[in-house]
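Here's the structure, in structure tokens; my notes come after.
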Amino acid sequence: MLEALNDQQRAAVLHDGGPMLIVAGAGTGKTTTLAHRVAQLIAQGVPGERILLLTFARRAAAELLRRVDGLLGRAASDRPASSRVWGGTFHSVATRLLRQHGERIGLHPSFTIHDRGDSEDLLDVLRAELELGRGKRRFPRKGTCLDIYSRAVSSRAPVDAVLARGFPWCTEQLDGLKLLFRTYVDRKAEQRVLDYDDLLLFFHALLGTEAAGPAVRAQFDQVLVDEYQDTNALQAELLDRLCPGGRGLTVVGDDAQAIYGFRAASVRNILDFPEIHPGTRTVVLAENYRSTPELLEATNRVIAQARERHPKELWSRRPSGERAELITCSDEAEQTEFVLGRILERREQGMDLRRQAVLFRASHHSLQLEVELGRRGIPFHKYGGLRFVETAHVRDLLAFLRLAENPRDLLAGTRVLGLLPGVGPRTARALIEPVQRTGSFEGWDTAAKVPAAARAQWQALVALYRELGGPRPPALPVQLHRIRTFYGPLCEERYDHVTARLRDLESLEQLAAGFTERAAFLGELTLEPPRSTQDLAGPPSLDDDYLVLSTIHSAKGLEFDAVYVLHAADGNIPSDLTTGTPEEIDEELRLFYVALSRAKRHLAVTFPLRWFDRPAGVGGRHAFAQLTRFLPPPVAAAFELRAAFPEAPRPALPPADAFLLPELRGALKAFWN
DNA sequence: GTAGAACAGTTTTTT
DNA sequence: ACTGTTCTAC
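Numbering-wise, the first sequence is residues 1323 to 1995 according to my numbering.
What follows is the structure, encoded as structure tokens:
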């Protein structure tokens, strides 16, 4: 089983005993190594259920376990050993353990989980209640409040330090923010909801108690953490409590690919791991199996510009190929044209669309390309950006379901009631109050005082919740169907693009067919939402070919034969929106590196000289772009430089005084004679 | 109290 | 372009 591995990989697989850090450069067989290690542990007799595998996305855990099964071979009668391995994200594992042991720290097992949007909304409600927006100084908006809160929790730092470091313009509001956050904590407890940060925080707290800590610790012999460079301080502390002294702990990552600093991830976790855990065995994987030497040359030069990192030079034995290309385009249209041309050319030569990917910094950077792909009927999946579950109608539907699951969830309640005609925030609050107080829908009176416009729907709503919130609710898809019957007409009245929205609601109902537990379905959708609208349609069949469009963040861990990186201009990469601190610029550099290092054989970086930096409104300005600062001449020397369409004919601009041909203007005016 | 219109300010990456 | 806020007419 170990013959296929190189020396370092084998060392990592066979290591036995103290903490281990595997520094795995891009494309160095990290997944292979992890899969072998898990298989090895199981082969040595460690029971699968005593292995915990923490990954960044659940999909990664699933893929890994699939490969473990391949390595172990199938014991015909038995369930695959890997199916017992605890695998998933920190958040999903936390949820499972909290449902299992939460009662020992007084946590009611029926909690529901607030996603980012819910958390923002709750903060917004509280901000209004506390009249924090009233003062003469503007109070930070809800999204910013949540960012501050989340950063404080995740980085284990006091609010004032967080403000000073990341939000200097909010320092005046320190007291207001602290008050807001205290209230927020109380309100979540009353409503029995946990937000993303709470999942980690409570997991951490659980491990710290005498009542549950030892029991949870005793549940696992081996803990493996993937993408360790993107963990935050809270997660590191949590691992400390789970594996005291680093016993049985293996972390894998690449500091050169740390790209989640904005979410309070800290590269320090991986850089300092050996010092924090004395006796750490460090293994560096540097042989790259992914890219041609030519592409490695380019990516090595790019990442060499980072200020601080585990120095390592990747090398490859792969046959040599084309050099990376750096393409200058005169504008965005040309960029689109060029990339499309290349993609189709490669498909002609037999490279499926799904082996090619277009990557970009911000979700809207691919808009023009998407339009063009749609126009020409070329199928694509887009990952990253606004997701399905963040759209208003889907959030409405989920609020219905969440309210049934947890009647105390005030946010879900007010959202549902606010959908009735004539019912605004005030009436909604009054109507939900008895349910919120008692935690049951029994208290709902069909004769309650509701605005005349809502009378009929109110009756139906009460009936709906008597059924869904009762002791024996119907099967989940039936529940969704009932909700859809009630909500469909309201949705039609409220929003545009009705057909598309109604179709989404239908797909949700189909998705629900795969679940028996309502809580599991809700948890799934909040913790691991479908990453593209096409994901909803279920797993794509094998003969289904589509191009991959993805934000760089969402492309982490993936690889493609051909990669096209759009908009490699200063302002996009690095983004203008960073504050420009050296740390943040470094993170943008690593992000660029992640994009480039996805490529196996072909890599094209394009940048338009001129582009409309915002969807053009009135006075939408175009800017003259500069090539990203991450490709200075010595680095760009590893690229083939060329213009997209050197011979492109440019129509001459008409003289400034001739807006329209005179005869045409005359004809337009004649219409009014 | 609610709903809709008018206006103003912002615009990334995600569990 | 979009979201959030304020104003105004029911």
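Ideal Cβ placement from N, Cα and C applies to all residues, glycine included.
Handout entry: Anticipated Cβ contact below 8 Å, GLN1551 with LEU1522, distance rounded
Key = At roughly 17 Å, the Cβ-Cβ gap does not stay under 8 Å, so GLN1551 and LEU1522 are not in contact.
Handout entry: Three CB pairs or more closer than 8 Å across the region 1538-1552 and the region 1575-1587
Key = yes
Practice task
Mind checking which residues open and close the beta strand (DSSP E) that includes ARG1603?
Solution key: 1603-1607
Handout entry: Beta-carbon proximity list for THR1417, same chain, < 8 Å, skipping 5 on both sides
Key = ILE1435, LEU1521, GLY1845, LEU1849
Problem - 8 Å Cβ cutoff met for ASP1653 and PRO1930 - result: yes
Exercise for the section: Enumerate in chain order the residues of its own chain whose CB-to-CB distance from ALA1770 is below 8 Å, with the five nearest sequence positions on each side excluded. Expected result: LEU1753, TRP1780
Exercise for the section: Could you tell me the distance, in whole angstroms, from the CA atom of LEU1327 to the CA atom of ARG1359? Expected result: 11 Å
Exercise for the section: Please confirm if the region 1326-1344 is in contact with the region 1504-1511, defined as three or more CB-CB distances below 8 Å between the two stretches. Expected result: no
Exercise for the section: Mind checking which residues open and close the alpha helix (DSSP H) that includes SER1472? Expected result: 1464-1477
Exercise for the section: Check whether the Cβ atoms of HIS1526 and ARG1563 lie closer than 8 Å to each other. Expected result: yes
Problem - Cβ-based neighbour list, ARG1730, same chain, cut-off 6 Å, excluding 5 preceding and 5 following - result: GLN1513, ARG1514, GLN1758, GLY1761
Exercise for the section: Within its chain, find whatever has a CB closer than 7 Å to the CB of ALA1383; leave out the 5 residues flanking it on each side and keep chain order. Expected result: LEU1375, THR1377, GLY1409, GLY1410
Practice task
Indicate whether the contact test is met: 3 or more Cβ pairs, each with one atom in the region 1687-1704 and one in the region 1808-1816, closer than 8 Å.
Solution key: no
Exercise for the section: Mark ASP1674 as exposed unless 16 or more other C-beta atoms lie within 10 angstroms of its C-beta, in which case mark it buried. Expected result: exposed
Practice task
Give, in chain order, every unbroken run of the beta strand (DSSP E) that is at least 3 residues long and sits entirely within the region 1515-1566.
Solution key: 1515-1517, 1544-1547
Problem - Rounded distance between the beta-carbons of ARG1645 and GLU1962, thought under 8 Å - result: 5 Å
Problem - Enclosing alpha helix (DSSP H) for PHE1412 [first to last residue] - result: 1412-1423
Problem - Pairwise C-alpha distance: SER1638 and GLY1672 - result: 25 Å
Handout entry: Assigned secondary structure, SER1432 (DSSP; H/G/I helix, E/B strand, else coil)
Key = coil
Handout entry: Neighbourhood of THR1736 by C-beta, 7 Å cutoff - its chain only, sequence neighbours within 5 removed
Key = PRO1747, ALA1750, ARG1751, ILE1754
Practice task
Grab me the residues of ARG1806's own chain with a C-beta within less than 7 Å of its C-beta, minus the 5 sequence neighbours each way, in chain order.
Solution key: LEU1827, GLU1831
Problem - Contact the region 1881-1891 vs the region 1441-1453: 3+ CB pairs below 8 Å - result: no
Practice task
In angstroms with no decimal places, state the Cα-to-Cα distance between LEU1871 and ARG1669.
Solution key: 16 Å
Problem - Per-residue burial, THR1928 [other beta carbons within 10 Å of its own, 16 or more giving buried] - result: buried
Practice task
Would you give the residue range spanned by the beta strand (DSSP E) that TYR1506 belongs to?
Solution key: Careful: TYR1506 lies outside any beta strand (DSSP E), inside the alpha helix (DSSP H) at 1496-1513.
Problem - Own chain partners of SER1476 with C-beta closer than 6 Å, once the 5 adjacent residues on each side are dropped - result: ASN1554, LEU1556, ALA1586
Practice task
Report the three-state DSSP secondary structure of GLY1575 (helix, strand or coil).
Solution key: strand
Exercise for the section: Check whether the Cβ atoms of GLY1349 and ASN1610 lie closer than 8 Å to each other. Expected result: yes
Exercise for the section: For ASN1995, count neighbouring Cβ atoms within 10 angstroms of its own Cβ and tell me buried if that reaches 16, exposed if not. Expected result: exposed
Problem - Buried or exposed (CB count within 10 angstroms, at least 16 for buried), TRP1491 - result: exposed
Exercise for the section: Report the option in LEU1982, LEU1454, GLN1495, ILE1649 whose CA atom is closest to the CA atom of LEU1949. Expected result: ILE1649
Practice task
Starting from the C-beta of THR1768, find all residues in its chain whose C-beta is less than 6 Å away, skip the five residues before and the five after it, and write them out in chain order.
Solution key: GLN1781, VAL1784
Problem - For HIS1703, three-class secondary structure by DSSP - result: strand
Practice task
State the beta-bridge partners of HIS1924 as determined by DSSP.
Solution key: ALA1884
Exercise for the section: Assign LYS1464 to buried or exposed, taking buried as 16 or more other Cβ atoms, counted over all protein chains shown, within 10 Å of its Cβ. Expected result: buried
Problem - Straight-line gap, ALA1365 to LEU1516 (C-alpha atoms, nearest Å) - result: 38 Å
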